[in-house]
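Input: a single structure, listed below in structure tokens.
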Amino acid sequence: MRLNQFEMIVALEHCSSLSEAAEKLYMTQPSISKAIRDLEEEVGYEILKRKKDGVAFTENGSEVLALSKEILANVEKIRNLRQTVDESVVGAISLAGSGYYADKVFSLLVIPLKTKYPNLSVQIQEAFSVDIINKVSIGILDFGVIMIYCNDQACLLGEIHDRGLAYESCFSDYVGLYARRSHPLHKRVEVRMRDVLRYPYVTGGSRNSVEYVYQQLEEYGYEHEVEIISNPQHRLIYLVANDAITTMPEEAYESGEWKKHLKLLHVRDFDWWCEVGVVYNPENMTPLKERLLAEMLEKLRSEA
């Protein structure tokens, strides 16, 4: 169970549809639908009745709604508690974040750690997931928070396993296709991938990750070169200037400049997602690192 699932349920109380709740939470309808279905599968019963004219809570769903309100109220109380300071923890850890989630990861983890453990040295850097896995493997990094797209999940998890590393999944996010707000595709009643791939595709990934992107796009018949622009501002300008298309997690779109200039394309035959998790070397773990890992995992999973 994830905290944002309870937030979605509470938002649905005064919404007649998933799309209305999505607008209220600044999310996409598919991501809310998936999150609720995941929760229903986990608990083993339906929470929502899905009808042609919207959604309604089941009997069990009404109880889940009440409990969700209690949970969120208690979470707020916990957040307002004064942070305990432990000056006895002395040491250093190195941490990296990848892709669109680096800012979120650092804000969620680094400041709370330094607040609680003022004598702990925390070194941070941003890098691509493949580079983070390599640096954790050779001991440059203690922990890496990586982003894995569904199309390269098998490859990256295989790389982690082959290097003798451990991986802890924290949360997943819906991945959307985005184009400039006045893009011609936004005027179409129905859009499919064959329409999308008539336009240039640009990514901010590494050269290694582009190989996995190619594999996925080739299945849709994409025959052009994938543009790689790592600088977010330059990538945004390219997208607007060339009527190009890009993919990014919903979380990333909701932050920064993206939302001002880009708009989600509703593509019927496109369904991507990504997963965020922590990679580390179990052989290099100390009691301090195990303690910090547990706190980081709890923070990432509760705030997802």
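So the sequence shown is numbered by my numbering: it starts at 817 and just counts up by one.
All C-beta atoms, glycine included, are put in the ideal place defined by N, C-alpha and C.
8 angstroms CB neighbourhood of residue i in its chain, flanking five on each side removed
i	result
Lys930	Leu936 and Val938
Lys1052	Note on residue identity: the sequence assigns Leu, not Lys, to residue 1052. For Leu1052, where only same-chain residues beyond five positions count, the Cβ hits under 8 angstroms are Glu1073, Trp1074, His1077 and Leu1078.
Val991	Tyr965, Cys966, Thr1063, Met1064, Pro1065, Glu1066, Trp1088, Trp1089 and Cys1090
Those residues which DSSP pairs with residue i across a bridge
i	result
Val1091	Per the sequence shown, residue 1091 should be read as Glu rather than Val. Paired residues: Ile964 and Ser988.
Glu1043	Val1018
Ser937	Ala908
Tyr1096	Phe959 and Ala982
Arg1051	Answer is none; Arg1051 lacks a bridge partner.
Leu925	Its beta-bridge partners do not exist; DSSP assigns none.
Arg1010	None; Arg1010 has no bridge partner.
Gly913	Glu942 and Val961
Under the three-state DSSP convention, the category residue i falls into
i	result
Val1005	coil
Tyr994	strand
Ile1061	strand
Phe1086	coil
Val871	strand
Glu1073	coil
Gly1037	coil
Glu942	strand
Arg1107	helix
Arg818	coil
Gly974	helix
Same chain, Cβ closer than 6 angstroms to residue i, neighbours up to 5 away in sequence not counted
i	result
Tyr983	Ile976, Gly1093 and Val1095
Val906	Asn935
Euclidean distance between Cα positions of residue i and residue j
i	j	result
Glu1099	Gly960	15 angstroms
Ile909	Arg818	27 angstroms
Lys932	Gln969	34 angstroms
Arg866	Phe873	9 angstroms
### Message
Closer than 8 angstroms is the cut-off here; do at least three beta carbon pairs connect the stretch 1035-1055 with the stretch 970-977?
### Response
Counting Cβ pairs under 8 angstroms, fewer than three are found: no touch.
### Query
Okay, do the stretch 1056-1068 and the stretch 914-933 touch, 3+ Cβ pairs below 8 angstroms being the bar?
When C-beta atoms of the stretch 1056-1068 are compared with those of the stretch 914-933, three or more pairs fall below 8 angstroms, so the two segments count as touching.
### Query
Taking one C-beta from the stretch 987-1002 and one from the stretch 1057-1065 each time, how about it: are there three or more such pairs within less than 8 angstroms?
These segments touch.
### Message
Does the structure place the stretch 822-831 close enough to the stretch 846-858 that three or more beta carbon pairs sit under 8 angstroms?
### Response
Flag = yes, the stretch 846-858 and the stretch 822-831 touch.
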